[in-house]
Amino acid sequence: MAELATLARPYANAVFEFAKEEGRLELWSRTLAVLVRTLQEDEVQSLVASPIHSPAKKAITLTDILGDQLSDSMLRFVHVLAENRRLELLPEIQEGFEAKLEEEQRTLTVEMTTAVDLTNEEKTRFTNTLQQRFQRDISLATEVDPNVLGGALIRAGDTVLDGTVRGKLEKLRNQMQRTN
-11 MAELATLARP
-1 YANAVFEFAK
9 EEGRLELWSR
19 TLAVLVRTLQ
29 EDEVQSLVAS
39 PIHSPAKKAI
49 TLTDILGDQL
59 SDSMLRFVHV
69 LAENRRLELL
79 PEIQEGFEAK
89 LEEEQRTLTV
99 EMTTAVDLTN
109 EEKTRFTNTL
119 QQRFQRDISL
129 ATEVDPNVLG
139 GALIRAGDTV
149 LDGTVRGKLE
159 KLRNQMQRTN
């Protein structure tokens, strides 16, 4: 996974800079999302993975599926990826693009997993606290997982804050094993 991210980073950076110069960051963001969803279709995955089809055939098929949703620069981007045999990197390219977009817009998507559903007031308090910690506008996505037992698991970019009961018990168990 890290290797794919490393390969995708130059493409994500280049696309981001190009989209920024065009003043079309949001359009590129939406289009990359559509490309990734299209690439996740079974038939498209089979085509991209097939050694039988040429890179040009793969690019043409993918762009034909999306039709008028792609601008000329987006069409060229898909063709470049296909020629370099990098179409499978689209999810990582999109992820890198979105990370740069969040950085540019001073926003951060935070995923919070809790044992029970949070009230709107609790979500607001968490959002305010996280905004102060990360100095960015926060987009909070919550998920309920009864396996958490209690507390919260927070993922914000590369940062993971494990305030779950399970995490604290695991940390305690590890400390006890080290002292024996």
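So in my numbering the end of the sequence shown lands on 168, straight run, no missing numbers. Virtual Cβ for every residue (Gly too), placed ideally from N, Cα, C.
Nearest neighbour of residue i, chosen from the options [CA to CA]
{"i": "residue 118", "options": "48, 105, 141", "result": "141"}
{"i": "residue 87", "options": "39, 167, 13", "result": "13"}
{"i": "residue 18", "options": "163, 47, 35, 81", "result": "81"}
{"i": "residue 20", "options": "59, 143, 157", "result": "59"}
{"i": "residue 16", "options": "29, 28, 1", "result": "1"}
{"i": "residue 56", "options": "22, 145, 110", "result": "22"}
{"i": "residue 45", "options": "73, 116, 108", "result": "73"}
{"i": "residue 146", "options": "28, 91, 61", "result": "91"}
{"i": "residue 28", "options": "8, -7, 79, -9", "result": "79"}
Neighbourhood of residue i by C-beta distance below 6 Å, restricted to the same chain and skipping five residues each side
{"i": "residue 122", "result": "96"}
{"i": "residue 69", "result": "75"}
{"i": "residue 138", "result": "103, 153"}
{"i": "residue 144", "result": "96, 98"}
{"i": "residue 30", "result": "none"}
{"i": "residue 115", "result": "126, 128"}
Residue range of the unbroken beta strand (DSSP E) whose run includes residue i
{"i": "residue 126", "result": "125 to 132"}
{"i": "residue 96", "result": "95 to 102"}
{"i": "residue 150", "result": "147 to 150"}
{"i": "residue 113", "result": "No beta strand (DSSP E) holds residue 113; the alpha helix (DSSP H) holding it covers 108 to 122."}
{"i": "residue 143", "result": "140 to 144"}
Beta-carbon spacing of residue i, residue j below 8 Å
{"i": "residue 4", "j": "residue 85", "result": "yes"}
{"i": "residue 99", "j": "residue 129", "result": "yes"}
{"i": "residue 148", "j": "residue 103", "result": "no"}
{"i": "residue -1", "j": "residue 106", "result": "no"}
{"i": "residue 35", "j": "residue 49", "result": "yes"}
{"i": "residue 221", "j": "residue 66", "result": "Residue coverage of the chain in this structure runs from -11 to 168, which leaves residue 221 outside it and unanswerable."}
{"i": "residue 101", "j": "residue 131", "result": "yes"}
{"i": "residue 71", "j": "residue 43", "result": "yes"}
{"i": "residue 26", "j": "residue -5", "result": "no"}
Neighbourhood of residue i by C-beta distance below 7 Å, restricted to the same chain and skipping five residues each side
{"i": "residue -3", "result": "84"}
{"i": "residue 38", "result": "none"}
{"i": "residue 41", "result": "35"}
{"i": "residue 51", "result": "58, 63, 66"}
Residue interval of the alpha helix (DSSP H) (run including residue i)
{"i": "residue 48", "result": "43 to 54"}
{"i": "residue 166", "result": "153 to 167"}
{"i": "residue 69", "result": "60 to 71"}
{"i": "residue 18", "result": "13 to 27"}
{"i": "residue 35", "result": "30 to 37"}
Cutoff 8 Å; reference residue i; Cβ partners in own chain excluding five residues on either side
{"i": "residue 127", "result": "95, 96, 97, 98"}
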